[in-house]
Amino acid sequence: MKRVYLDAATSMPTMEAVVKEMLPYMTENYGNPSSIHEMGRFPRDGMERSRKEVADLISAKPEEIIFTSGATESINLALRGTLPFAKERKKIMISKICHRSVRATATALKTSGHDLEFLPIDKFGMIDVERSSGIIDNGTSIVSIPFASNEVGTLQPVREISRISKDAGALLHIDLTMSAFQVPFDVTDVDVDLATISSPDLMGPKGMGALYVRNGTRITSLLQGGGQERGLRSGSENVPGMVGMGAAARIAKERMEETSQGLIDLRDHLINGLTEIPHSNLNGHPTERLPNNANVRFEFVEGESMLLMLDMNGVSIATGSACAQKTLEASKTLLAMGLKHEEAHGSLMFTLGPYNTMSDVNHVTGIMAEIVDELRSMSPTFNKE
Ligand code: PMP
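Its first residue numbered 79, the sequence shown is counted upward by one per residue in this note's numbering.
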């Protein structure tokens with residue numbers, strides 16, 4: 079059976095070229111980068127080269143990159159680490175399109191005396207700039223937004239939210255987890271204090287991430303220990319992971335234009351094929367969206383049934399955010415966009431990687447039409463007339 083993997087948002091393979099670059103840092107250059115002796119020098123050099131490669135991806139300075147264990151840790155560090163300096167500013171602003179790691183961190187902070195408010199979004203899952211400008215004010219400590227929704231793929235008006243946040247004197251954190259591999263982002267162009275980058279989402283090793291901390295941003299560590307990473311992330315460094323993330327960032331930057339164009343071609347073909355199925359509609363913005371994301375709702379059918387039937391036919395996809403799948407709750411993003419519960423439950427997320435082909439896309443659109451037909455023929459809510 080042909081297997082097609084269209085779930086890049088949940089996991090992507092580590093590039094072979096990346097693994098190759100990592101290996102010597104496991105077997106030969108295994109010294110501790112903090113060691114003064116010769117064996118510390120190679121890992122230290124590898125670590126600093128990688129820091130520069132990650133920094134280059136977003137045009138940052140190397141010293142502004144703090145390596146972490148992944149996006150979730152970076153987000154926690156960004157939010158928890160800066161709030162002790164917020165003083166009388168008590169309001170944290172996030173959005174209903176953020177990843178659960180942002181929402182959960184912000185919700186936990188609420189219990190320690192901070193207020194939590196949500197930026198309004200429109201029917202495309204895009205933050206509403208006009209209405210946001212009224213609520214980001216001088217009581218706001220930090221605004222956290224994703225550059226792209228991890229579920230519906232809608233790209234966010236980061237420049238406008240940056241301007242509003244800076245006018246209000248609030249810090250701005252942007253979650254680049256889903257976009258860094260496919261959409262350029264430049265910290266010298268968009269005024270941002272903190273930005274999260276994830277290694278696996280760059281086709282680098284898992285268990286690695288980074289937080290961009292703009293020079294001058296007041297932030298404290300979540301961990302006490304040896305004071306590595308400018309005191310912001312104690313613990314002996316994962317040098318192979320850093321080298322892998324650096325290599326992935328370098329390759330992602332070199333290939334970004336080609337990668338995005340390839341993904342856009344596949345995505346548009348996929349969206350066209352899927353929305354040809356009667357009673358199906360695209361979720362998210364029609365044009366301002368991640369190159370690799372197609373999120374489609376199919377009326378009168380249920381997401382989990384479609385997912386399982388696709389799986390039986392060798393196709394791997396997701397119903398929404400990986401976390402929401404575990405609880406089988408309707409996606410908060412889709413509900414916030416104004417979809418009804420049954421529409422949210424009938425939505426599927428197809429996310430492409432550079433390893434996918436037109437033949438994969440044709441295979442999936444063909445199978446999808448058959449599956450939807452079959453499920454609708456059994457559906458009590460589908461009027462066969
Ligand atoms: N932010 C976004 C936008 C995500 O999509 C994810 C999940 N890939 C995360 C944060 C958390 O990433 P991780 O589970 O790798 O820490």
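A virtual CB, placed ideally from N, CA and C, is assigned to each residue, including glycine.
query: Measuring CB to CB, does Leu-289 end up less than 8 angstroms from Ile-220?; result: no
query: Ignore the nearest five residues each way along the sequence and tell me which others in Ala-226's own chain have a CB closer than 6 angstroms to its CB.; result: Leu-233, Met-256, Ser-257 and Leu-368
query: Please work out which residues of its chain come closer than 7 angstroms, Cβ to Cβ, to Lys-80, disregarding the five sequence neighbours upstream and downstream, and give them in chain order.; result: Gly-392 and His-441
query: Where Gly-159 and Phe-428 are concerned, what is the direct C-alpha to C-alpha distance, given to the nearest angstrom?; result: 34 angstroms
query: Among residues of its own chain, excluding the 5 on either side of Asp-264, which ones have a beta-carbon nearer than 8 angstroms to its beta-carbon?; result: Ile-136 and Ser-137
query: Between the alpha carbons of Asp-85 and Asp-389, how many angstroms are there, rounded?; result: 12 angstroms
query: Based on Cα-Cα distance, which residue from Ala-408, Leu-272 and Ile-297 lies nearest to Lys-174?; result: Ala-408
query: Are Arg-209 and Pro-198 touching if we call contact CB-CB under 8 angstroms?; result: yes
query: Apply the 10 Å Cβ neighbour rule to Ile-114 and answer buried if 16 or more other Cβ atoms are within range, or exposed otherwise.; result: exposed
query: Is the beta carbon of Gly-322 within less than 7 angstroms of some heavy atom of ligand 2?; result: Judged by which ligands are present, ligand 2 is missing from the structure shown, whose ligands are ligand 1.
query: Flag Asn-228 as yes when its Cβ comes closer than 7 angstroms to any non-hydrogen atom of ligand 1, and as no otherwise.; result: yes
query: Could you check how far apart the C-beta atoms of Gly-305 and Ser-312 are, in whole angstroms? I think they sit under 8 angstroms.; result: 6 angstroms
query: Would you call the CB atoms of Glu-421 and Met-204 closer than 8 angstroms?; result: no
query: Measure the beta-carbon distance from Met-125 to Pro-111 and round it to whole angstroms, keeping in mind my assumption that it falls under 8 angstroms.; result: 5 angstroms
query: Out of curiosity, what's the CA-to-CA distance linking Leu-430 and Ser-128?; result: 26 angstroms
query: Check the Cβ-Cβ distances between Gln-260 and every residue of chain C, and say whether any is below 8 angstroms.; result: In the structure shown, chain C does not exist; there is a single protein chain.
query: Classify Ala-402 as buried or exposed, calling it buried when 16 or more other Cβ atoms lie within 10 Å of its own Cβ.; result: With a pLDDT of 49 at Ala-402, under the threshold of 50, the predicted position of this residue should be treated as unreliable, though the coordinate-derived value follows. Classification for Ala-402: buried.
query: I'd like to know whether the C-beta atoms of Thr-183 and Asn-154 end up nearer to each other than 8 angstroms.; result: yes
query: Quick check: what's the CA-CA separation for Met-446 versus Ile-275?; result: 33 angstroms
query: Beta-carbon within less than 7 angstroms of Met-104's beta-carbon, same chain only, minus the 5 sequence neighbours each way: which residues are those?; result: Pro-318
query: So, Ala-87 versus Asn-293, is the Cβ gap smaller than 8 angstroms?; result: no
query: Taking only heavy atoms of ligand 1 into account, decide whether any of them is closer than 7 angstroms to the Cβ of Met-90.; result: no
query: What would DSSP say about Ala-447, mapped onto helix, strand or coil?; result: helix
query: Which residues in the same chain as Gln-302 place their Cβ atom closer than 7 angstroms to its Cβ, once the five residues preceding and following it in sequence are excluded?; result: Ser-312
query: Going by DSSP in three states, Met-104 sits in which element: helix, strand or coil?; result: helix
query: So does Met-93 have its beta carbon nearer than 7 angstroms to some heavy atom of ligand 1?; result: no
query: Quick check for students: name the residue ranges of the beta strand (DSSP E) that lie wholly in the segment 193-230, counting only runs of 3 or more.; result: 193-197 and 218-224
query: DSSP three-state label for Ile-119, please.; result: Going by the sequence as given, residue 119 is Arg instead of Ile. It is helical.
query: Among residues of its own chain, excluding the 5 on either side of Pro-121, which ones have a beta-carbon nearer than 8 angstroms to its beta-carbon?; result: Tyr-103, Asn-107, Tyr-108, Gly-109, Asn-110, Pro-111, Glu-315 and Val-317
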